[in-house]
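> Quick one: structure below, then a few questions.
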Amino acid sequence: MQPADLFIRSTSARRLVLWGGLGAGALALSSLAAFAQGHALMINVSPSLPYWAIWVTRGAPVHRGDIILFDPPVSPLLVKHFGAKPKPFGKRVSGVPGDIITEQNRIYFVNGEAVAKAKLESRLGEPLALGPTGRVPKGCYFVTSEHKDGFDSRYAAIGWICGPRILGVGGPIL
2 MQPADLFIRS TSARRLVLWG GLGAGALALS SLAAFAQGHA LMINVSPSLP
52 YWAIWVTRGA PVHRGDIILF DPPVSPLLVK HFGAKPKPFG KRVSGVPGDI
102 ITEQNRIYFV NGEAVAKAKL ESRLGEPLAL GPTGRVPKGC YFVTSEHKDG
152 FDSRYAAIGW ICGPRILGVG GPIL
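Given below as structure tokens:
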């Protein structure tokens, strides 16, 4: 075998490895892109939840106790507090479809169990109208926060959180 034959073979082998590596890289990027369409990392800047990093899975089924991330509704109160394009909210699911939500003396109950107390005013002094009561509609949820100042379903400006507004189910990371 001539030295030139070894060079050709090793050059061919290098090209084959290079093309194989490029193909594997393209496949990995494609898989990563597909994964990213169904998942996201959200950074929480609100004291409403005790976590600052939340892993979101889009399209996951929602259960009582889950953290869901959602687009808040547009209202003058939300615009005043969070701007014209507020970031997604993250809250805990307290009421699921079919549950009965009641309110007495600004305390909210889900199926008779107290879950949150509504404040009279926002941090900027605006009166806060009470949120919905009754049976949680199909495809909707009653969400609350462990934080006393959480802005959630106990207020009319948020209300029920229904399917089209839900971005995904979150799992705390940190």
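When we follow this note's numbering, the leftmost residue of the sequence shown carries the number 2, and every step to the right adds one.
Glycine residues also receive a C-beta, built at the ideal position from the N, C-alpha and C atoms.
In terms of residues, what are the limits of the alpha helix (DSSP H) holding Pro-77?
For the purposes of this step, residue 77 is taken as the residue at position 76 of the sequence shown. Its alpha helix (DSSP H) spans residues 77–83.
> Return yes when the Cβ of Lys-92 is within less than 8 angstroms of the Cβ of Asp-153, no when it is not.
Residue numbering aside, residue 153 sits at position 152 when the sequence shown is read from its first letter. Residue numbering aside, residue 92 sits at position 91 when the sequence shown is read from its first letter. Going by C-beta atoms, Asp-153 is nearer than 8 angstroms to Lys-92.
> With a 10 Å radius around its C-beta and 16 neighbouring C-beta atoms as the bar for buried, classify Ile-162 as buried or exposed.
Walking along the sequence shown from the start, residue 162 turns up at place 161. Label assigned to Ile-162: buried.
> Could you check what DSSP says for Leu-33 in three-state terms: helix, strand or coil?
Against the sequence shown, residue 33 aligns to sequence position 32. A caution first: Leu-33 carries a pLDDT of 44, below 50, which makes its placement in the model unreliable, though a value can still be read off. In this structure, Leu-33 counts as helix in the three-state DSSP scheme.
> Tyr-142 and Gly-96 - do their beta-carbons sit closer together than 8 angstroms?
In the sequence shown, counting from the first residue as 1, residue 96 sits at position 95. In the sequence shown, counting from the first residue as 1, residue 142 sits at position 141. Cβ distance < 8 angstroms, so Gly-96 and Tyr-142 count as in contact.
> For Asp-259, which residues of its own chain have a beta-carbon under 7 angstroms away from its beta-carbon, when the five flanking residues on both sides are left out?
There is simply no residue 259 to check, as the chain begins at 2 and stops at 175 in what is shown.
> For Asp-153, decide whether its Cβ has a neighbour in chain D, counting only Cβ atoms nearer than 8 angstroms.
The question asks about chain D, but that chain is absent: this structure has only one protein chain.
> Since Gly-60 contacts Gly-39 with CB under 8 angstroms, what's their CB separation in whole angstroms?
To locate residue 60, count along the sequence shown from 1; it is residue 59. To locate residue 39, count along the sequence shown from 1; it is residue 38. Sure, about 6 angstroms apart at Cβ, within 8 angstroms.
> Tell me Tyr-142's beta-bridge partners as DSSP assigns them.
By one-based count along the sequence shown, residue 142 stands at place 141. Ile-162.
> Assuming Ile-69 contacts Gly-171 (C-beta within less than 8 angstroms), just tell me the rounded distance between them.
The count along the sequence shown starts at 1 and reaches residue 69 at position 68. The count along the sequence shown starts at 1 and reaches residue 171 at position 170. 7 angstroms between Cβ atoms; contact.
> Quick one: Cα of Leu-130 to Cα of Val-57, how far?
Numbered from 1 along the sequence shown, position 129 holds the residue referred to as residue 130. Numbered from 1 along the sequence shown, position 56 holds the residue referred to as residue 57. At residue 130 the sequence reads Ala, which differs from the Leu that was named. Taking the straight line from one Cα to the other gives about 30 angstroms.
> In whole angstroms, give me the CA-to-CA distance for Pro-51 and Trp-20.
Along the sequence shown, one-based indexing puts residue 51 at 50. Along the sequence shown, one-based indexing puts residue 20 at 19. Straight-line Cα distance between these residues: approximately 48 angstroms.
> Helix or strand or just coil, what does DSSP make of Thr-58?
As a first step, residue 58 must be located in the sequence shown, where it is residue number 57. In this structure, Thr-58 counts as strand in the three-state DSSP scheme.
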